Every structure is written in structure tokens, then in C-alpha cells.
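Chains as they are written, first to last, in this note's numbering: chain A, 25 to 345; chain B, 105 to 494; chain C, 11 to 304; chain D, 141 to 393.
What follows is one structure encoded as C-alpha cells, with my remarks underneath.
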Amino acid sequence: MLRSDPTTRVSRWLPLVAFLAVVGAVPAVSPNAYALNVLGFIGINVLLATGLNLLMGYAGQVSLGHAGFWGLGAYISGVLTARFGWPPLPAAALAVSGTCLVAFGVGLPTLRLKGHYLAMATLGTGVILQVLFVQCASLTGGPSGLVDVPNFSVGPFEVRTPLQNYYLIWSCVAIGLVGALNLSMSRIGRALNAIKGSEVAAECAGVPTHEYKVAVFVLSAAYAAVAGTLYVHFINFVAPEPFGFMGSVLLLTMVVVGGIGTFWGPVIGGSLMTVLPEYLRAYEGLEVLLYGLILVLVMMFVPQGFASLFRWLPRRAIRGA
Amino acid sequence: MRLARMASIVLGVSLMLLAGSARAEEVRAYRIGAIFSLTGSGALLGERMKTTVEMLVEEVNRNGGINGHPVKLIIYDAGSEVTKAVEAANRLITQDEVDIISGAGNMSGLALAIKPVAARYGVPMISNAGARSIVEPVEKSRWAFKSHLTDREVIGRAIDYWKSKGISRVALLSDTSGFGTSARDELKLQAGPSGIDVVAWEEFDMAATDLTPQLTRIRSANPEVILCWTVAPSGVLFMKNARQLGLQQILMHGFGYVVPKYMQMAGDAAEGAVLVSLRYPVGEQLPDSDPTKKVILQYNAQYKAKYGSEPDVYGAEAYDGLLMAFKAFEKANSFDKEKLREALEHLEFIGTNGVYQFSPEKHYGLTKGDAVVFEWHNGGWKLLMDATTR
Amino acid sequence: MPEFLQFLFSGLMVGSVYGLTAVGFCLVYSTTEVVNFAQGEFVMLGGMMAASWFSLTGLPLPLALGAAVLATTAVGVAAEALTFGFSRKPQVLNLTIITIGLAIAIKGVAMMVWGKFPKDLPTFSGEAPLVIGGARLAPQALWIVGTSLLVMVAVRLFMDRSLTGTAMRAAAADKGTAALMGIPVRGLSTVSFAIAAAVGAVAGVISTPLTLTSYDHGTLIGLKGFCAAIIGGLGNVYGAFLGGIILGLLEAFTAGLGGSGYQDAAAFLILIILLLVRPQGLLRGTGRERIVKV
Amino acid sequence: MALLQVNALSKSFGGLMAVSGISFTVPAGVIQAVIGPNGAGKSTLFNLISGIERPSGGRIVFDGHDLAGLKPNRRAALGLARTFQTPQIFDSMTVLENVLIGCHCQGKAGLFGALFHTASSRREDWSLREHSLVQLERVGLADKANSPAADLAFGQMKLLEMARALAQQPKLLLLDEFAAGLTHREAEHMAGIIRSVRAEGVTVLLVEHDMPLVMSLSDTVIVMNFGEKISEGVPEAIQNAARVIEVYLGSGI
């Protein structure tokens, strides 16, 4: 008499498969190089937002320093390839594992904190990481950044054109989205959501809350590190300034504007917040003002985020599939 | 199920329409792209640069363009952020398909970020920023040129001035931007060989609100002169805090701080401050034998006629940078980027800041002799050491 | 010895500005549980308004300063109305993001109205530095530290003594019960934003003569103020001010020891260690862990 | 050998002795109640046993294991389950998912299984889902399995917490004021569930104020006041013991 109908599993997969099909078909319509560039940046931001949503949307843990891990992934990859001549693939592997190690070291102590205190500790971590990017000038090139970072390549095959970059980035995004969807329908995903609901009840029900919080913290840092590697090989350059406090605030805004705790929130939020500055570029003097006003209006009139507007999309990421 | 599939397609397509936008074809003009910082910490530098280049393009188009081609100028704001500068460069090259980038970021950090983008697509780039590594080493800077002096020449000129005054104990207070760190590396390189003893190396954040801690450390090293290297408002605090601390030494600024308003804001703390800079600010005081005097006076008159306000040294840098682009089009008389690059490498002309001579080995046109030294005295610049190039 | 005193003076001066900003954070947070990221912009607005009105209208200095503080208070009330007025079922995180949007918008308006050039104000009582123990102290620094202490104590007295203050502390402890007791919770959040804006404006006005101000001056001050409020234990006015002083001294001595590039890193490292050792902050704040209901 | 042994357990909050040197045992298969006026330290005792609070002194041995230093989730794995005074519901999930969390210890699928949705993790999900539905039917919430937990009425939330605790297949069930806020009919329904649970061999330790309910339900009763055990015994003996009346009703009437 099991009634959680199998169709919910299919109904969760279909929108994702359809979306990825569209993403795959987009270059065939061959928009110009600039559009592919923007779509590439959208992909990187969606991957970052999806990772952060695991931590904040699924497990309810606030982070105001997530851009620091994005920077760590970018700098480790950049320094290894540009300064030490490593081939990009092993450099990327070390970047992701290195960032996860740092995230584990940071997460273990700080995830005992809650609410604004956790937000402050993660904010501090992000600022410290950015100061390291600035001060280790011999390695990172300091404030003026690291130049001549090579394109991503696997053996002989080099990812050079915006089209190739587009496919590389969005294939990583696809893996990230599938992982997030699977996690949302799994025992671990439910446990994370229980931690968000009531940490003490989850702990007493047998969920090792501290270990799970650290695990999802490291997983979201891994997403950020992959995004960092893609970013540094995409623009062949990296500087400290996007990874500071305002960078983390932008990532947080993407998740919340898109719809925190929903599956499609990060995809929508990541896309909107990447395209918005491009369109505001035309209003040169007003750009800063309009950006702030749009943020306020969205949060006032769409508090649950844009994902909540699409009725048929599953409102919550965690569903009894 | 059908509804879900249809909705996702709509989402995907809307994303696509958002990005691709058809561009109408127009008479092939010479397209010049410019990236300035009109917001953020470098905003002050960008303002006069933008109005100056717009004035020049308007004037050139009024006289029938170059070689009969009209000139189209596209300006983006890099907001003093390196990432925005790279995105703007990508947009100029891939979407607006510019032939040359003039004014690649008025801050060293931005120029260094744009350089690889221009190199990857093979687009000549003229920067107004100071850092030497924009055009050095030459093998790695095929497509990069500079209209400006480099910090090496200015530091070299400062050392000339110190030697002429018999000064040997110096302190450097540089900000943590690309501009500041590049100057620090230059001073490290040149101080030793020229017998200058740098007794204190201090740094500060561009948004610092109080420099007394750094200046207190400098005081205990008792230098004869303190050189501050920044473009940020905290340069005013440098002078005020120094005088408050009772430091009597000569206060010096690099060529990023030649802004009368800052001097007025520092009040009498700025009296006697010494600056090493391009010729432009002391244009009127130059002897008539200096060919740049005529160009400077003509630029001032033209700018005041159009905007009714005074231009500044940053506008003058952009003036020379755009002049280089115009002359490159004139000489190459083609859209081929390799030809434009060739033209730039053999360019010689007189700008507001000196007699420019480029060569395949030297992608910047000025020499140490083009720098002058002057001081802020009774509310105005007073020439102390004249330029030597004629 | 003079070096030590010099760093101490610099730390106290910068620390007082952070402290006042932190008091603003603490007020809004303790009444509405929202971290108001526009607090730093109130400091900028106070300084910019005072500077532009003083130079344009030739008003006597005290009048210009007072007008600037009042105008910023009005902006604070408008900010509260925008933040709380419209959102139906406000989530704390949404409200915090609204304040981030407001901060960016205020910066945008300031850039358009006053342009990009920094502004300054004459010092309140001359420039001649006082010499104390070999260290030189600008008289304006005394104004800054003195006024900050006065304002902080005034806010504390208001919170402890006055009826509205007590109501605010009740709302902070338990909004639901307070509302049941007939306390106009929405009205109180307006009052808290107004006082936070006024306190921020005062910080801006008294510090501008020494530190100058420009349209993008507020963001960093806001971040440091937030950090100081957390050090002191969110919710405690004395703690917030103490947190600011500690942060100021930390920066001054880090710079003093030649590591000025590592100023921010040192400040945040100490903060994280403090959070792990005493999560509720130095002085017993409200102590109750406030879980951000995401 | 008793299922739960508490000896000389104490907990002080900055000088205030919430629980001071209390000792008692809970034999297997029994329903034992802990009563006492508000502030007697009953909830603190439960928090100490379930591991939410760390004791200042004394020891707890459960099913032969010394619980010192064990986190609540490890104690849950040993067969200790509890409910809360105010029901702690995971409001962003459905009713069924809330109970599934109770089965967490019975699942083995790790992060790898979750991310790649392996066959073993899917099979495991099915069986846990069936087990959870059984618990829901037992408390009478089966029809609300897929509705959001946040929409439940207060009484239903209490039932959901009970279902979640039962899903843990506990040896010892700690019930913190299960009848608080329930109508008489709902309280009777819950008492029925407790009796059926005890019949299956689960030991129950409950804190409750509803005297008639406690007396009819429990095999033995412990009375606490100011953190100390002042009396222990069968319900009838407790009811008219002078000390107990004095504590509740105050002396000198």
C-alpha cells in the first residue's frame, strides 16, 4: 500500500533533463562569442549558488565567506599552472582537494556556532583568505593579480574558444545539479533538512548533526573550488577582489533571490544576478543605484525567491521521491 | 508532465534571447574601445579621461575623421574592479569588435588584467597606467603600449632630485594596490645602485582612515624625505597626519597625486609638498623652447571652451593615449591589427607629456628626462626641476 | 614609549568610530533580529551631508552638523519603512538582504548627488596637536572619543531608563509576548532604525574632519562595525562599543608592528578565536543563541 | 540488571543546582514516571539522560553502556529515544519524512550513495519508508503521510513525535510531558499507545503533571523537588505520602 507514488521521482527528473537539453542545444543557435562568454559566467555562478544552497538551503547553515573558497580553488589552480607549469587537470584536482581540506579545517571548529555567530566566523574566514591572496604576492601576484594562466586542457586537447569553455563549464554544472538533486532525495539530504528544522531533535533522532554539517560545508566548498578552477582557466587571469566580503554577499543574494532551499532557486538566481550587471552597464551613472533598488524590490515582493513563482516546479528541494 | 517540459524550454530560450542580440551593420568606422574607472576608488582619475577622449573624437570627426573614416568610440566603466575590466575588454573585442583599445584601465591593476585578453585576440592596447610590467618584458607585451611614463622613470627622476639636494635617507609609504606595489619594487631595484638608503618601507590600505601608526614607525627611522605612492584620498591624510605628528621632513608624492583639490584639502599641511610628475600640470611655467608647451596650452584652451572647467593630468594622459591611436590609424591606413601594431612600434609625436619615441624594444614613448619636479607653494605648482628632453 | 601612546591614540580614535557604528548595529539587531548592512552608509551620509551643507550654505558648523544628523535619521526611518513596511511574512535573511540592497542604493544616490570627490570638514577646535608623553594627539581625536562615549552612554540610559527603551528591550527578548502586552513592535523598529541612523551620522560627522569621507566610504566602516558588534556580543550596547575599541586598537597595533597589510586578517582571526571561546561575546549579551531561521 | 542506572547525577547552572546527586534505576519493561512541581529539575534530568546537557557529576549507565561523553545521536543508536515538551517538528518536510529521520540509524547509505543515487541506497529507502508508514498507522496519522508536517494540529504534532521516536525501535522511550496541551480524549489515545508499546517490551520513562493519568499509567513513580529525589514507590503509596502533598500543596493549610 506504499503510496509515495513513483511518478514524483520522474516529475523531479524531467525538468532537469529538459533544462540540460536546452543548455546543450543553445550553442547550436550560435549566439556570438560575447553571449557565450556571459553564458559561461552564468554557469560558474549557478555552480557556486548550487553549492551554497546545499549548505544554506538544505542544512540551514549561514555562510558569509563562501567566495573565499571560490578564490582558493581559482588561485591554487592558477598558481600551479601559471607559476609551476602543472598541467591543468592535476592542478584542478589539487585545487579541489586542497580547498576541501581547508574547508574541513575551518568547518570543524566553526560549525559548532549558530546563526549570526556562524555568519561572522565564515565572514572572517573569507576575509582572511582574501588577505592571503593579496599578501602572498610572490605566488599570487598580489593585488594586481595573476596573469598568463593557461587555458584548461586535458592532454593534447585544449579548451580555447568560448564555445569549448561553454561546454566544459556547463558539463560541470550538470554534474553539480544532478548531485544536488540526488542528494535532495536521499537519506543524507533529509537528515540535512532535519538539521535545518530542529538541530536538537535531529541529534536525538540519531543524526550526527555536527559531522553532517561539516560534510555539507566541505561539499559546498568543493562546488566552489570547481567553479574557481573553471573561472581561472576561462578568463586566464585571477585577482583577489571578487573573492572578498562583497563577493560572498553576492553569492548569498543569488541563492536567496532565486529561492533558498529550492532546487531551481540557485539556477534562476545565478542567471539573473549575472545578467543584471550586464544590462545595467548601459545606465552608466545609475548602475549602482539601480542594482541596489532591484535587490530591495525583489526581496520585498518575491520573498520566497523566483523559484516560488513557477507553481509546477517542486517548491522544496527535499521531497519524498 | 507536458507542462513541466514546456516550461523548461521557455526558461532555456529566454536565457538565450537575453544573451544574443543582433547588431546592425554600419559604415566601417575606425572603432576605438576605452575602459576607464568611472566609479570605485579610481573614479576621480576616470572622469577627466572620459570627457577628454570624447572631446578629441568629436573634433576629429568634425574634420572628416582619419583617412576619410569616421571614428567610433565605445567607453565602458571598469568600476576600479579587475573582474569588470576583463569583462569589459572581452565585450569590446568580441561584441563591439574594436580595432584598438585606448585607455585600457586608468589603474595599473586593470591594465595588467586587460593585457592577456588583448594579447589573446591580437588587439593593440594603449594604457594610461603607470606600472612598468604593462609593457615589460617586451617579448611578452607585443600588443601592449603605454602613453604614460612608467614608475621606473619617475622613481629615477625622484632619485635625480634627491641627489641634486644631497638627500640619501628616504622612507616609502605605498598603498597595497598594483600601482603601489609596482613602485615599491622599482625603488627596491634602483635605490641601492644610486646610493639611496631607504630606511623605512611602509604600506597602507587604500581605504585607510588613519596613517599615524605607519608614520610613527617612519618617524623612528628618521628619514630626510617621505615618499607617498597612491591615488587614493588617504594621500591627503598622509600629509595631515605627518604634520600632526610633528614630522618636518619633505613630503613627496608620486605622479598619481597631481590633483590641486587634494592639496587644497590638506590645507597648510601640503605647503611645500614635492611631486615628481609629467610636464602637464606646470605647462605654463615651461620655457617656450619646450615643444610640449604649445600642445598643453592648446589642450587646456580646447577643454575649457567645451566644458568650461579645467582639465587635469589624467585627462592629459588620455589625450596622449588617444593621439597615439589616431596616429596609428593614420600611418597604418588599414583595419589590419598587425599593421596598427607595426605603426605604434615606430610612432614619434609630441603630446601633452613629452616627446614620444616608440621602438620595437620600447613600447612606451617617454624617458626619464620627460619627468619634472615641482612643489605645491601658496596654492599653486612651482617648477623645481625642468624636463631635459627637447 | 611615545610610539606605544601614538598607536594607542590612533586605535582609540578609529575604534570609537567603529564602536558607534557597532552600537547602531546592536540597536537594530536587538529590536528586530535583522543585521542592518546599511548602518555603514548612515556614517557616510552623516559626514557627506555635513560637509556639503557646511561648504555650500555657510551655516555655522554646529548647525550643519545637527542638520546632517537629523537628515540621516530621516533616511534611517525611511529605510526601516522600506525594509519592514511591505514584506508580508518577513524572513530574517530576506530582511538582511533588503538592507544590503538599501546600502548599495544609498551609495548610488550619494555618488550621483555629491560626485566622487572626497569631502572634508574643518576640525571643531583647531589643528594644533597636543603633546602627551611624547605622542602627539589631534584635538579632533578627543572630540571623537569624547562624543562617542557620551552618545554611547546616552543610548544606554535611553534603553535602561526610558519607557520606550524598556519596551525595545522587551521586544528584543520576545517579540510575540511583547506584542501581546500591547507594545507597538513595528513602531519600536522604526525608533531603533532612527536612533541607529542618528548614532551612525554622529560617528560620520565627528570623524570626517580627520578621516575625510566619500560616497563609497560607508561599506568598509559598516563591515568593521558589524565585526565589532559581534565581538561585544550582539545585543549589548556597552559590548558593541568595547568591541569597536578592541578592533581599532588591534588595527593600530598591527599596523604599528609593520604588518599593516595584515590588519584585517589579524582583526578577523582574533574575532574567530573569540567566537569559538566565548560565542556570546565579551560582555554577557542576550546570551541566548539566536538561530537564523532560514 | 536494570536497563537504566542513574547514580549521584548532578547538574549546576552557575551555582544553581538544577539536579543534585539524584540516583535511581529503571528496570526493563516498566513504565516509570517522574513527577514534581515546576522547576524541580525534571526536564534537566531528561536532557542529561538524552545527552543534550553535560552533567556536572555522577554517572548514567544505559543497557550496560556508560553514557559519559556520548553525543545524543550515539545514545539514540544504543536504543534511547525521546520526545520534547514543545514538539520539535522538521517543518520543511512531510509527515512521512519526519518519521524517516527516526529510522536514520537503521540506514547505511552514505554521501556517495546519496550523490550517485546507488541501487543499494534506493532499496534501503523503500524498506525504511515501509517501516515509517507502520509507525504512522500506529499513531493514526497514516492518511497525512505526504502532507507538510507544518500543517499538523498541535495534538497531531505530538503524535508525529511519538511515531518518530517509535521508528527508532528504542529500548528506552523518554516522554517529556506527552499529555501537555492535549485534550482528554487525545491524552487517553496517547496513553493507549504507550501501553501497547510497553506490551512489546519497550521501557518507558515519562515526565507528566496530569496526576490521574500518571497514576493509572505508571508502574512506579519518582518524586523530585529542587533537583533531589524526595520519594519513590508505587503510585498508590506516593499519592498519600505526607512529604509529596507538602511539596505540591505547600504545608500549613
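Beta carbons are placed, not taken as given, at the ideal position from N, Cα and C, and that holds for glycine.
Keep in mind it's a predicted model, so treat the numbers as computed, not measured.
First and last residue of the beta strand (DSSP E) that includes Phe-520 of chain B?
Residue coverage of chain B in this structure runs from 105 to 494, which leaves residue 520 of chain B outside it and unanswerable.
Taking DSSP's pairing of strands, which residues face Leu-278 of chain B in a bridge?
Reading off the sequence shown, one finds Ser at residue 278 of chain B, where the question assumed Leu. BP columns for Ser-278 of chain B point to B:Glu-307, B:Trp-333.
Which ranges does the alpha helix (DSSP H) cover as unbroken runs of at least 4 residues, wholly within the stretch 336-374 of chain D, from first to last along the chain?
351-357
In chain A, which residues lie less than 9 angstroms from Tyr-272 of chain C when you measure between Cβ atoms?
Val-155, Gln-159
Quick one: grab the DSSP three-state call for Ser-141 of chain B.
coil
From this set, B:Thr-254, B:Ile-139, B:Tyr-225, which residue's C-alpha is nearest Gly-473 of chain B's C-alpha?
B:Thr-254
Could you please tell me which residues of the stretch 231-244 of chain D, in chain order, have their CB closer than 7 angstroms to any CB of chain A?
Asp-231, Ser-232, Met-233, Thr-234, Leu-236, Glu-237, Leu-240, Ile-241, Gly-242, His-244
Using Cβ-Cβ distances below 9 angstroms, what residues of the stretch 300-320 of chain A are close to chain C?
Cβ contacts with chain C come from Gly-309, Leu-310, Glu-311, Val-312, Leu-313, Leu-314, Tyr-315, Gly-316, Leu-317, Ile-318, Leu-319, Val-320.
Assuming Leu-149 of chain B contacts Tyr-366 of chain B (C-beta within less than 8 angstroms), just tell me the rounded distance between them.
Not really, about 12 angstroms apart at Cβ, beyond 8 angstroms.
Output, in chain order, the set of chain D residues within a Cβ distance shorter than 8 angstroms of Ser-222 of chain A.
Gln-228, Ile-229, Phe-230
Does DSSP classify Pro-288 of chain D as helix, strand or coil?
strand
Met-324 of chain A to Ile-116 of chain C span [Cα, whole Å]
17 angstroms
Please classify Val-123 of chain C as buried or exposed, where buried requires at least 16 neighbouring CB atoms within 10 angstroms.
exposed
How about the stretch 89-101 of chain A and the stretch 245-253 of chain A: do they share at least three Cβ pairs that are nearer than 8 angstroms?
Taking 8 angstroms as the limit for Cβ pairs, the verdict is that the stretch 245-253 of chain A does touch the stretch 89-101 of chain A.
How far does the alpha helix (DSSP H) with Lys-365 of chain B in it extend, from its first residue to its last?
364-370
Do the stretch 249-260 of chain C and the stretch 22-39 of chain C touch if we need at least three Cβ pairs shorter than 8 angstroms?
yes
Per DSSP, cross-strand counterpart(s) of Gly-197 of chain D
D:Ser-150
From A:Gly-165, A:Val-299, A:Val-62, residue whose alpha carbon lies closest to that of Gly-102 of chain A:
A:Gly-165
Please confirm whether Thr-74 of chain A and Pro-266 of chain A have their CB atoms less than 9 angstroms apart.
no
Beta-carbon spacing of Cys-237 of chain C, Leu-281 of chain C below 9 angstroms
Contact: yes.
Output, in chain order, the set of chain B residues within a Cβ distance shorter than 7 angstroms of Pro-112 of chain A.
Under the 7 angstroms cutoff, chain B gives no residues; its nearest Cβ is about 16 angstroms from Pro-112 of chain A.
Going by DSSP, which residues form a beta bridge with Lys-214 of chain D?
It should be noted that the sequence gives Arg, not Lys, for residue 214 of chain D. In the DSSP output, where bridge partners are listed per residue, Arg-214 of chain D has none listed.
Reduced DSSP secondary structure (H/G/I, E/B, other) of Leu-156 of chain D
strand
Put Gln-379 of chain D into one of helix, strand or coil per three-state DSSP.
helix
Identify, in the order they occur along the chain, each residue of the same chain with its Cβ nearer than 7 angstroms to the Cβ of Arg-127 of chain B, setting aside the five sequence neighbours on each side.
Residue confidence for Arg-127 of chain B is low, a pLDDT of 41 falling below 50, so the modelled location carries little weight; the figure read from the coordinates is stated next. If we look at Arg-127 of chain B and ignore the five residues flanking it on each side, it has no Cβ neighbours.
Closer than 7 angstroms by C-beta to Ser-125 of chain B: which residues in its own chain qualify, once you throw out the five before and the five after it? Chain order, please.
At Ser-125 of chain B, the pLDDT of 40 sits below 50, so the modelled position is not reliable and the matter cannot be decided from this model.
Is the beta carbon of Gly-89 of chain A within less than 8 angstroms of some heavy atom of the ligand SAH?
For the ligand SAH, the structure offers nothing, since it holds no ligand at all.
Work out the CA separation of Leu-319 of chain B and Ala-346 of chain B for me, nearest whole Å.
7 angstroms
Reduced DSSP category for Tyr-180 of chain B - H, G, I as helix; E, B as strand; rest coil:
strand
So, is the C-beta of Glu-137 of chain C closer than 9 angstroms to a C-beta in chain B?
yes
Close beta carbons around Gly-467 of chain B, own chain, < 7 angstroms, minus the five adjacent residues each side
Before going further, note that residue 467 of chain B is His rather than Gly in the sequence given. Correct list, in chain order: Val-239, Val-242, Ser-245, Ala-248, Phe-249, Lys-250.
For Glu-129 of chain B, I'd like the list of residues in its chain whose CB is within less than 6 angstroms of its CB, leaving aside the five on either flank, ordered along the chain.
Summary for Glu-129 of chain B: the model assigns pLDDT 41, below 50, so the residue's position carries little reliability, and this model does not support an answer.
With 8 angstroms as the limit, tell me which residues of the stretch 200-222 of chain A have their beta carbon closer than that to any beta carbon of chain D; keep them in chain order.
Taking a C-beta cut-off of 8 angstroms against chain D, the contacting residues of the stretch 200-222 of chain A are Gly-203, Asn-206, Leu-207, Met-209, Ser-210, Arg-211, Ile-212, Gly-213, Arg-214, Ala-215, Asn-217, Ala-218, Lys-220, Gly-221, Ser-222, listed in chain order.
Counting pairs of beta carbons, one from the stretch 144-158 of chain D and one from the stretch 270-277 of chain C, are three or more of them closer than 8 angstroms?
no
Are the CB atoms of Leu-277 of chain B and Leu-315 of chain B within a distance shorter than 9 angstroms?
yes
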